[in-house]
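A.B. asks: The numbering of the sequence shown is my numbering, which starts it at 6 and goes up by one.
We put the beta carbon where it would ideally sit given N, CA and C, even for glycine.
The structure follows.
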Amino acid sequence: MTRAYSFYSIFRRRDGRARQRSRVSGSINGVLEETPEQRAREYAFGPHRIRRGVEVFFSTRLTYAMVNVRPIVEHHVLVVPRRCVARFADMTHEEVCDLWLSAQCIGARLEVYGQARGVTGLQFVLQDGSGSGQTVPHVHVHVVPRAPGDFEPNDLVYEALERSPLRRLSPDAATQRNRSDEDMTVEREELRRLFPEREHQVL
């Protein structure tokens, strides 16, 4: 358990609510096994439906994380509150805490996992409102593993995020190529193995 989720456990106990446990049948090689019905579960992302068995690799009672249909680097992922809330100011304190603790936990493991390909840092980006470049009216945090020289100059990463987020609402989306379900499922299974704990796979 990471330090982030040790704090999360304390926060939940003080809040007086019991943590919900994932109803899964067992595990294979330390990874929680899912039934077909569980894999078919969908989550809201603004007006879109996100498929657990294809895109979602991490979930708590209040937050989920998904692979990106158009990532700017390998393992560029999105961390999203389960409740469909358009603006950061409209989130509850508990949702804010869970969102950022989830992003911290996910980022830490992605950085360690990416060290072999040169990852030495992380970018956490939250675009809040249309003026910031937010294209889906549902709060989400981009977690972007970074390696030296991946963007030159370094701040070009923000331009890349503007060009290539989840643009299912974009008028030119038809001319942009999304990843296949097969590609996203492979990455989803790869990343899910980094979070085998039941508290990270709440259904």
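Return yes when the Cβ of F62 is within less than 8 Å of the Cβ of F200, no when it is not.
C.D. replies: Their beta carbons are under 8 Å apart, which means F200 touches F62 by this criterion.
A.B. asks: Assess contact between the region 159 to 167 and the region 68 to 76, defined as three or more Cβ pairs (one per stretch) separated by less than 8 Å. Is contact present?
C.D. replies: The region 159 to 167 is not in contact with the region 68 to 76.
A.B. asks: Where V191 and Y118 are concerned, what is the direct C-alpha to C-alpha distance, given to the nearest angstrom?
C.D. replies: Roughly 16 Å separates the two Cα atoms.
A.B. asks: Touch check for the region 39 to 46 and the region 79 to 94: three-plus C-beta pairs under 8 Å?
C.D. replies: Short answer: they don't touch.
A.B. asks: Using a Cβ-Cβ cutoff of less than 8 Å, which residues in the same chain neighbour T125 once the five nearest sequence positions on both sides are dropped?
C.D. replies: If we look at T125 and ignore the five residues flanking it on each side, its Cβ neighbours are E116, R151, A152, P153.
A.B. asks: For F129, which beta-bridge partners are listed by DSSP?
C.D. replies: Note: F129 sits in a beta bridge opposite V148.
A.B. asks: Using beta carbons (cut-off 8 Å, strictly below), is G119 in contact with chain D?
C.D. replies: The chain labelled as chain D is not found in the depicted structure, where only one protein chain is given.
A.B. asks: Specify, as a first and last residue, the run of the alpha helix (DSSP H) that S107 falls within.
C.D. replies: That run of the alpha helix (DSSP H) goes 98 to 118.
A.B. asks: Below 6 Å CB to CB, which residues in the same chain sit around A91 once its five sequence neighbours on both sides are set aside?
C.D. replies: For A91, where only same-chain residues beyond five positions count, the Cβ hits under 6 Å are P142.
A.B. asks: Using a Cβ-Cβ cutoff of less than 7 Å, which residues in the same chain neighbour R88 once the five nearest sequence positions on both sides are dropped?
C.D. replies: Excluding residues within five positions, the ones whose Cβ falls inside 7 Å are E100.
A.B. asks: Enumerate in chain order the residues of its own chain whose CB-to-CB distance from A179 is below 6 Å, with the five nearest sequence positions on each side excluded.
C.D. replies: Residue confidence for A179 is low, a pLDDT of 40 falling below 50, so the modelled location carries little weight and cannot support an answer.
A.B. asks: Does Q139 come out as helix, strand or coil in the three-state DSSP assignment?
C.D. replies: Correct three-state label for Q139: coil.
A.B. asks: Do you know whose CA, among W105, E38, G123, lies nearest V130's CA?
C.D. replies: Minimum Cα distance to V130 is reached at W105.
A.B. asks: Just grab the DSSP bridge partners of T206 for me.
C.D. replies: In the sequence as presented, Thr is not what sits at residue 206; that position holds Gln. Answer is S64, bridged to Q206.
A.B. asks: Who does V90 pair with in a DSSP beta bridge?
C.D. replies: None; V90 has no bridge partner.
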